[in-house]
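Participant: Sharing a structure below in structure tokens format, with a few things to ask.
In UniProt numbering, the protein residues as written are 1 to 507.
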């Protein structure tokens with residue numbers, strides 16, 4: 001209070017109190033900015049990304065890995081991302097004017113994608129590397145892929161995967177050099193210039209020296225959320241506390257139910273066993289589970305058992321009370337919160353489809369698919385295109401592929417690549433097929449887009465379909481029969497039947 005308010009309070013405390021109340025009401029126009037009784041313990045830290053993230057990054061990564069190893073719900077989330085983002089893998093499609101060159105590069109990339117050619121350890125195929133990279137992005141926050149030249153004549157280019165733990169966070173910037181922040185060497189614009197990786201022995205022990213690797217040799221795969229962010233942060237940071245709470249809750253409920261299921265009956269005795277004095281059946285009956293504190297023997301119940309009671313004994317049955325009737329609702333709420341924090345629907349997280357119909361299931365799938373496609377596009381822009389660029393350069397340098405004007409028109413050849421992403425399954429094939437047929441007939445969609453949504457290349461589909469029709473006609477001419485799908489009438493009849501069945505379903 002200022003001098004004026006103190007003077008007013010001396011003459012009229014009520015007037016001073018009202019003045020102070022109005023002043024407090026005008027002190028902050030946002031309720032979230034007030035420090036009242038309900039938010040006294042909420043004192044968040046504000047600062048640049050690395051200042052806030054660095055102290056918590058390691059412990060959050062450790063907790064996320066622990067949940068990855070032990071939590072089934074978190075495992076379900078990670079599997080959902082792997083199955084729908086990477087799935088069966090990305091397929092390279094070349095779009096140059098030379099069709100022969102396109103086929104050659106596509107076949108070579110398919111061969112390079114085998115474990116012995118693409119992975120420096122020879123253990124993982126390229127699709128498996130993509131799946132592991134996505135998993136490490138969700139759990140650890142990111143992964144480092146090093147471009148290595150092995151000197152092989154056919155495929156000299158290989159990838160080496162490194163965990164983000166290998167970044168040397170102890171280095172201090174020397175005068176006159178670029179700034180080193182948590183193992184990443186950046187220039188004045190915060191552009192990574194090099195990565196400093198710890199040297200490790202094959203059995204995982206860290207050696208005292210670190211190695212500087214130029215940034216153009218490293219694919220640092222992580223998602224940036226703040227302009228000043230230089231290192232990764234696990235996306236599971238929002239969910240691991242909730243996952244841990246749910247795991248502890250389910251363990252507690254499990255222990256409670258086990259205890260209630262184990263206790264079946266109590267035997268009450270009017271007179272305790274043993275004589276008067278200190279002696280209280282000091283010699284327990286042979287072969288009995290004896291409790292010296294009470295002098296009673298613990299009897300175990302088995303199916304069909306008939307047990308005789310002593311005089312004065314009474315059996316009291318145990319009816320378990322306090323059953324966890326709301327466990328299902330609590331677990332469902334936990335799963336909804338965990339899944340929504342990762343951008344997934346309840347059905348995608350829990351695999352529970354009992355509460356949806358066709359419309360709600362399709363709406364949830366559309367929302368989830370938008371997230372999957374965004375992650376697919378991220379992997380294409382930040383990993384696949386970079387890998388293909390190094391792959392094609394290595395083929396030309398090794399002489400495996402002969403392209404005369406490659407170095408003059410390198411960007412054109414690099415940009416001629418396209419990727420067929422894994423497709424999404426249909427919920428109701430009949431409705432989906434008819435919707436695609438109508439959209440294609442009315443010009444609202446293209447065959448290329450429809451096939452791409454299924455993870456297929458439309459040219460391959462047309463060529464395969466043409467080969468099938470030609471083979472059907474050959475068999476019809478050879479055996480003198482008519483086969484379904486072998487002529488236009490059969491196709492038209494099939495479409496008419498499909499249309500009639502659709503009308504019947506809708507009616």
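All residues carry an ideal CB built from backbone N, CA and C; glycine is no exception.
What first and last residue would you give for the alpha helix (DSSP H) that runs through residue 383?
Facilitator: Counting along the chain, residue 383 falls outside any alpha helix (DSSP H), and DSSP gives it neither H nor E.
Participant: Hey, quick one: how far does the beta strand (DSSP E) through residue 313 stretch, first residue to last?
Facilitator: Segment 313-317, the beta strand (DSSP E) holding residue 313.
Participant: Would you tell me roughly how many angstroms separate the C-alpha atoms of residue 315 and residue 260, rounded to the nearest one?
Facilitator: Between residue 315 and residue 260, the C-alpha separation is close to 17 Å.
Participant: Give the DSSP-derived three-state secondary structure of residue 81 in the structure shown.
Facilitator: It is helical.
Participant: Taking the alpha-carbon positions, what's the residue 439 to residue 381 distance?
Facilitator: Computed Cα separation, rounded: 30 Å.
Participant: Beta-carbon within less than 7 Å of residue 11's beta-carbon, same chain only, minus the 5 sequence neighbours each way: which residues are those?
Facilitator: No residues qualify anywhere along the chain.
Participant: For chain D, check one thing: does any of its Cβ atoms lie closer than 7 Å to the Cβ of residue 339?
Facilitator: Going by chain labels, chain D is absent from the structure shown, which holds only one protein chain.
Participant: Work out the CA separation of residue 444 and residue 433 for me, nearest whole Å.
Facilitator: Distance between the alpha carbons of residue 433 and residue 444: 14 Å.
Participant: When you compare only the Cα positions, how much space is there between residue 183 and residue 146?
Facilitator: So the alpha carbons of these two residues sit roughly 15 Å apart.
Participant: Can you give me the start and stop residues for the beta strand (DSSP E) that residue 184 sits inside?
Facilitator: Note, residue 184: beta strand (DSSP E), 184-186.
Participant: Output the distance between the C-alpha atoms of residue 95 and residue 232, rounded to the nearest integer angstrom.
Facilitator: Their backbone Cα atoms lie some 34 Å apart in a straight line.
Participant: What three-state label does DSSP hand residue 69 in the structure shown?
Facilitator: The answer is helix: DSSP assigns residue 69 an H, G or I state.
Participant: For residue 32, is the classification buried or exposed, using 16 other Cβ atoms within 10 angstroms of its Cβ as the cut-off for buried?
Facilitator: The residue is exposed, with fewer than 16 neighbouring Cβ atoms inside 10 Å.
Participant: With DSSP as the reference, label residue 528 as helix, strand or coil.
Facilitator: Past the boundaries of the shown model lies residue 528; the chain is included only from 1 to 507, so the question cannot be answered.
Participant: Can at least three beta-carbon pairs, one atom from the stretch 38-47 and one from the stretch 215-222, be found at a separation below 8 Å?
Facilitator: In short, these stretches do not touch, since the Cβ pair count stays below three.
Participant: Looking at C-alpha atoms only, which residue of 416, 228, 138, 189 is the closest neighbour of residue 538?
Facilitator: This structure does not reach residue 538, given that the chain is present from 1 up to 507, and the question cannot be answered.
Participant: If you follow the beta strand (DSSP E) that residue 369 is part of, which residue opens it and which one closes it?
Facilitator: It is not in any beta strand (DSSP E) - residue 369 instead sits in the alpha helix (DSSP H) that spans 358-379.
Participant: Check whether the Cβ atoms of residue 109 and residue 92 lie closer than 7 Å to each other.
Facilitator: Cβ distance < 7 Å, so residue 109 and residue 92 count as in contact.
Participant: So what's residue 427 in DSSP terms, helix, strand or just coil?
Facilitator: Here residue 427 sits in coil by DSSP.
Participant: If you check the beta carbons only, do residue 180 and residue 50 fall under 7 Å apart?
Facilitator: No, the pair does not count as a contact, with Cβ atoms beyond the cut-off.
Participant: For the putative contact between residue 226 and residue 210, defined by C-beta atoms under 8 Å, what is the C-beta separation to the nearest angstrom?
Facilitator: Contact flag wrong, Cβ pair sits at about 26 Å.
Participant: Can you tell me which of 228, 205, 156 puts its alpha carbon nearest to the alpha carbon of residue 190?
Facilitator: It is 228 whose Cα lies nearest to the Cα of residue 190.
Participant: Is the distance from the Cβ of residue 90 to the Cβ of residue 426 below 7 Å?
Facilitator: Cβ atoms of residue 90 and residue 426: not closer than 7 Å.
Participant: Taking the continuous beta strand (DSSP E) assigned at residue 157, which residues delimit it?
Facilitator: Residue 157 -> beta strand (DSSP E) spans 157-162.
Participant: Going by beta carbon distance, what residues of the same chain come within less than 6 Å of residue 240, once the five residues before and after it are set aside?
Facilitator: 63, 64, 67, listed in sequence order.
Participant: Going by the DSSP bridge assignment, what does residue 269 pair with across the sheet?
Facilitator: Answer is 313.
Participant: Smallest Cα separation from residue 133: which of 123, 163, 151, 158?
Facilitator: Ranking 123, 163, 151, 158 by Cα distance to residue 133 puts 163 first.
Participant: Pull the bridge partners of residue 119 from the DSSP assignment, please.
Facilitator: Paired residue(s): 159.
Participant: If you compare alpha carbons, which of 479, 123, 465, 342 is closest to residue 76?
Facilitator: The shortest C-alpha separation from residue 76 is found at 342.
Participant: Which residues in the same chain have their Cβ closer than 6 Å to the Cβ of residue 102, if we skip the five residues on either side of it in sequence?
Facilitator: These residues qualify, in order along the chain: 94, 96.
Participant: Cutting at 6 Å between CB atoms, please list the residues of its own chain near residue 193, excluding the five before and the five after it.
Facilitator: Taken in chain order, the residues that qualify are 178, 185, 187, 215.
Participant: Would you call the CB atoms of residue 74 and residue 135 closer than 7 Å?
Facilitator: Cβ distance not < 7 Å, so residue 74 and residue 135 don't count as in contact.
Participant: Cα separation between residue 331 and residue 254?
Facilitator: Rounded to whole angstroms, residue 331 to residue 254 spans 13 Å at the Cα level.
Participant: Apart from the five residues on each side of it in sequence, which residues of its chain come closer than 6 Å, Cβ to Cβ, to residue 376?
Facilitator: So the list reads 85, 421, once near-sequence residues are dropped.
Participant: Find the nearest neighbour of residue 250 within the set 222, 212, 334, 262, judged by alpha-carbon distance.
Facilitator: Nearest of 222, 212, 334, 262 to residue 250, Cα basis: 334.
Participant: Roughly how far, in whole angstroms, is the beta-carbon of residue 5 from the beta-carbon of residue 21, given that I think they are within contact range, below 8 Å?
Facilitator: Not quite, the Cβ-Cβ distance comes to about 12 Å (not below 8 Å), so this is no contact.
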